Structures are given as structure tokens and as C-alpha cells.
Amino acid sequence: MKLYNTLTGQEDEFVPTDGKTVKMYVCGVTPYSSTHVGHALSYVIFDMLRRYLEHIGYQVKHVQNFTDVDDKIILRAGTEGISEDTLVQRYIDDFFSTMDALNIKRADSYPRATQEIPGIIETIKGLVDKGYAYPAGGGVYFRVNKSEEYGKLSHRTLEGMIAGARIQIDEDKEHPMDFTLWKGAKPGEPSWESPWGPGRPGWHIECTSMSLDQLGDPLDIHGGGQDLVFPHHENEIAQSEAFTGRAPFARYWVHNGLLNLGEDKMSKSLGNLVSAEEALARFTPDTLRLYFLSSHYRSPLNYSDEGAAASEHGMERFYHSLRPSDNTGEALDASAYDARFHTAMDNDLNTPQAIAALFDLAREINRSQEAGRNVNAAQDTLRSLGGVLGLTFQERNINGQNMLLAQPFIQLLLDTRAELRQAKQFELADKIRDGLVDQGIILEDTPQGTEWQHQPRP
Ligand code: ZN
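In my numbering, the protein residues as written are 203 to 660.
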């Protein structure tokens, strides 16, 4: 399997260190506001990667953190007049309910910065002892000049970084690109005792300390959005490799493209957020996953309701091809589609091509179904490969009913309606049609009979 590695700037053959267990660390959220569609996209992508690795026989040990102490958390808790803990717990709950709704497998562990302070302090101490960090003004800073390979992930030089950065004058720092490992406490902020006085950890050191502690180096995969490459992941590498004295800290750096709303990058500062809850109220989890994975994971995705609605129609095509069948003719062999799916996924997780193979399989199933062939095994293949992408094939609930379960009853109503029309009992026939329309079932009378489809309701 080939996987694009930001560190090497190319697609590398993926082989975990011990040949069977994949140690995967994915940067988590700062829980200070509702989970948005950008988070949903990113974690669906890493869930797809995990499911595929498991599908091809690896065991995945997946760790994802919560940055649960941060300026934004402190600010928001203050605005709302609640404790940081209350705020954080609210949005961690919101995060898990969104992840569960999207059928994203839970990580093996979710370390929280505030619960790992002693380990983080130990890591900072180690860096100070080795001369990679220095205390100043109540805080501790990382000394970028001592890190010879600083910039190797983002492929930038220190000079280039300075030119591109908004440098804040900070008299405590030796070099403008030095970054904070420990922040001295301000009055009223949550803080912990440390050898450098009361304070709290910086963001980057949390991930270094928790990933080394929970997984050990080298990590096989370190993941996150492309917006984390610099400075967050660059700094993680510098800290981790300085601390352990070993490289690489992580072997494959996997970054997903970001979600755009219209022309603008989706970010909280722009205020153009669509909450994941909002998206899930409009579309099924399967529809959203199919939509997200219809683009390659490294490309940006321009999120729109129209795009998601197109994927909803795509899901209808899958449901249609999975309808129960008791044909006894020659069995349809799906192995060619199975092979196409794997070839696509092995090629840096090319989900658009993998999904195209599944649509072609669905079409073949429909054709074979009409020809009286046995499609049961082919349907199982479609279900299982869809499952690798995290699709459940659970249709949208109509008033609590599952669409797949509803299909025979819809057909019964259509047959009854046809008989009523033949008997010229049009009033009763129309009542059935109107009742179905109310449930989102649109009928179309054709010379071959009545066709129906489930109309996505925005
Ligand atoms: Zn991180």
C-alpha cells in the first residue's frame, strides 16, 4: 500500500515497524465549541484509513488527544460564566456524540492534557536538561536554533519561516521562532505547579508527551489536517526527536485537505461554520461519508448542500442494488470489482476510484438481478467493501422506520393502489399516494408500472 508522506514529500510504501501493529496518533480537538463539518471530514478520513488498515490485516492502535486547556477554552468559559471543566465536558460530549453518529470507530484512548501534566513536565525538563529548552519570564521556550533539522516536515527554512510569519516581539525569547513549552500562569487561569513556577503546558508539547507516553516512538502514522503541518507538527517533531535523541519520531505523516465553505477556508475565525449536528440533521451519516470520501483525502473539499444531496442520490443507488433478491440463476462473481477497490485504496487511499468501483458493482448487480441471476454473494461484497469506507447502508429513518425494512411495505401499498385504480376507486388510490408523499416517497407512473424513490428532504 502506498501512502503519501508529508515528511518525504512522496508516496511511500507503507509497512508498520513491527509488520503487524500500526501505531497511529491523530491530533484531536480543543473542546471549546460545537463539532463542525471540518472536524467530521478529518475524522471520517482517519477512520477510513484505520478501517482499511484493519481490513488488510493490520492491528491499529489509535490514540487521539483532547487539548483541554487553552486560551480559547479559558476565554469562552469566562464569557459564559462557567468553569473550564464544565465547558470542556460539554464539548467533549458533543464531539463523541457526533463521532458515534458518523460511525467513526472510537480510538483506543483519548488522553487529556490536564490529566497528563506530570508527564508533560517531565518531557519539558528533559528538553531543558539537554539544552533544547530554556526557562524565561516564568515560561519555558524551545530553542529552534539547536534543532538542526527544524523545518524538515514543512520543507521550510528558519529564514523562510521568519519572512512568512507575523513575528511578535517577545523579549523573553532568544530567537523569534522559539515556541512555548510552558506558559507562566496569569491570575485567575487554571495552573499547575512546575519547576519553573505555576503555569500550563503549550499545545505542541502536549502531543509530544502524550503520543510518546501512550504509543512510544517511532509512531507509524501521525495524522491531522494540513493546517497542522506548520507549526504544530513541525514543533512536535523537533521536541520529540530532541527529547528521545532518536529519529524519526513518526514514520508516515498523513495530512488531510481542508474543508471549504464556498470560497473561504472553513475556520472558526471566519465564523462560517456549519455544525456537524446541522449537517447530520439534513443528511444521513452514510450520505456525509460518501460525500467526504468522493474527493481524494488530500484535496480540499468545497462543502455544499448540493454536493451532499448528490451523494444522497448515490446512496439511493446502493440501496436499490441491495434490495433482497431470491434469484436462483448463475451467481454473479464480484471479484473483479473487489480487486479494483483494493487497487484504488492501495494507491494512497484513492477513495473516488474505490467508490466508482462500488457504483459499477451496484450497476452490475442490478443488471444481473433483472436477468434472474443470483446476486447474493455480490451484494455481500458490496456491503463489506462499503463497510471498509464506514458505510452502514442503513437508510434514512422515516419516522423511526428503516428504509430497507420499509421497502416491502411500500411495494404492498403500490400494488394496492394499482388495484384500486383499476377498480376506479381513485379517491382511495390518491390517498395512498399522498400518504406516501408525506413520508418522502415520490411516485412516478410509467407504462411499465409505478416507480418510486425516496426524495431527500432538505
Ligand atoms: Zn497534536
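Heads up, the beta-carbon is just placed ideally off N, CA and C, and yes, glycines get one too. Predicted model, so just to flag it, every value in this text is computed and none were measured.
Measure from the alpha carbon of His656 to the alpha carbon of each residue in Arg623, Gln609, Ala620, then state which is nearest. Closest by alpha carbon: Gln609.
Distance, Cα to Cα, Asp617 vs Asp296? So the alpha carbons of these two residues sit roughly 44 Å apart.
Tell me whether Gly427, by its Cβ, gets closer than 7 Å to a heavy atom of ligand 1. No - ligand 1 has no heavy atom lying nearer than 7 Å to the Cβ of Gly427.
May I ask you to report which of helix, strand or coil DSSP gives Ala573? In the three-state reduction of the DSSP assignment, Ala573 falls in the coil class, being assigned neither a helical nor a strand state.
If we count the other Cβ atoms within 10 Å of its Cβ and call it buried at 16 or more, is Gln613 buried or exposed? Gln613 should be labelled exposed.
With a CB to CB cut of under 6 Å and the five nearest residues on each side skipped, what residues in its chain are close to Arg542? Spatial neighbours of Arg542 in its own chain (CB-CB distance under 6 Å, excluding positions within 5 residues in sequence) are listed in chain order as Ala559.
Looking at the structure shown, is Tyr521 part of a helix, part of a strand, or coil, going by DSSP? When DSSP states are grouped into helix, strand and coil, Tyr521 belongs to the helix group.
Would the beta-carbon of His661 be found less than 7 Å away from any heavy atom of ligand 1? Because the chain in this structure spans residues 203 to 660, residue 661 falls outside the shown range and cannot be described.
With DSSP as the reference, please indicate the residues paired to Ile644 in a beta bridge. According to DSSP, which records beta bridges pairwise, Ile644 is partnered with Gln655.
Hey, is Glu438 close to ligand 1, as in C-beta under 7 Å from one of its heavy atoms? At a cut-off of 7 Å, the beta-carbon of Glu438 counts as near ligand 1: some heavy atom of the ligand is closer than that.
I'd like to know whether the C-beta atoms of Arg252 and Lys307 end up nearer to each other than 8 Å. Yes; because the gap between Cβ atoms is below 8 Å, this pair is in contact.
Measuring CB to CB, does Leu205 end up less than 8 Å from Val456? Their beta carbons are under 8 Å apart, which means Leu205 touches Val456 by this criterion.
Proximity winner among Glu373, Arg635, Ser413, Gln596, relative to Glu514 (alpha-carbon distances): Between Glu514 and the set Glu373, Arg635, Ser413, Gln596, the nearest pair of CA atoms involves Gln596.
By the 10 Å Cβ neighbour count, where 16 or more other Cβ atoms means buried, how is Pro320 classified, buried or exposed? Flag for Pro320 reads exposed.
Runs of beta strand (DSSP E) lying entirely within the segment 204-243, each at least 3 residues, in chain order: Listed in chain order, they are 204-207, 212-215, 223-228.
How should Ala573 be labelled, buried or exposed, when 16 other C-beta atoms within 10 angstroms of its C-beta is the threshold for buried? Using a 10 angstroms sphere on the CB of Ala573, the tally of other CB atoms stays under 16, which defines it as exposed.
What's the C-alpha gap between Ala546 and Tyr312? Their backbone Cα atoms lie some 31 Å apart in a straight line.
If you check the beta carbons only, do His434 and Tyr227 fall under 8 Å apart? At a Cβ-Cβ threshold of 8 Å, His434 and Tyr227 do not count as neighbours.
Which class does Asp422 belong to by DSSP, given the choice of helix, strand or coil? Correct three-state label for Asp422: strand.
Near ligand 1, which residues have their beta-carbon less than 5 Å from any of its heavy atoms, given in chain order? Output, sorted by chain position: Cys229, Cys409.
Would you call the CB atoms of Tyr336 and Ala444 closer than 8 Å? With respect to the 8 Å criterion, Tyr336 and Ala444 are not classified as neighbours on the basis of their beta carbons.
What are the residues that DSSP puts in a beta bridge with Gln266? Looking at the DSSP assignment, Gln266 forms a beta bridge with Val228.
Given a threshold of 16 other Cβ atoms within 10 Å of its Cβ, counted over all protein chains shown, does Pro389 qualify as buried or as exposed? Exposed: under 16 other Cβ atoms inside 10 Å.
Helix, strand or coil for Ser299? Go by DSSP, reduced to three states. Helix at Ser299.
Check for me: the beta strand (DSSP E) holding Val456 runs from which residue to which? Counting along the chain, the unbroken beta strand (DSSP E) around Val456 starts and ends at 452-458.
Does the segment 227-242 touch the segment 280-293, meaning 3 or more C-beta pairs lie closer than 8 Å? A contact exists between the segment 280-293 and the segment 227-242.
By Cβ distance, which residues of its chain are closer than 6 Å to Asn552, with the 5 residues on each side in sequence left out? Excluding its 5 nearest sequence neighbours in each direction, Asn552 has C-beta neighbours in its own chain below 6 Å: Ala546, listed in chain order.
Determine, using beta carbons only, whether Cys229 and Gly426 come nearer to each other than 8 Å. Yes; because the gap between Cβ atoms is below 8 Å, this pair is in contact.
Pull up the DSSP beta-bridge partners for Gly366, would you. Per DSSP, none; premise fails for Gly366.
Pick out whichever of Ala580, Glu479, Asn347 has its Cα sitting closest to the Cα of Asp535. The shortest Cα separation from Asp535 among Ala580, Glu479, Asn347 belongs to Ala580.
Name the DSSP bridge partner or partners of Val342? Residue pairing from DSSP places Val342 in a beta bridge opposite Pro337, Trp384.
Could you give the uninterrupted runs of the beta strand (DSSP E) lying entirely in the segment 479-558, keeping only those of 3 residues or more? Taking only runs of at least 3 residues, the beta strand (DSSP E) segments lying wholly in the segment 479-558 are 503-505.
Continuous beta strand (DSSP E) stretch holding Asn164: start and end: The chain is shown only over 203 to 660; residue 164 falls outside these bounds and no answer can be derived.
Do you know whose CA, among Glu395, Glu213, Ala315, lies nearest Gly404's CA? When only C-alpha atoms are compared, the closest one is Ala315.
Per DSSP, Trp394 is paired with what? Paired residue(s): Gly401.
Taking the C-alpha atoms as reference points, what is the distance between Asp550 and Gln212? Rounded to whole angstroms, Asp550 to Gln212 spans 10 Å at the Cα level.
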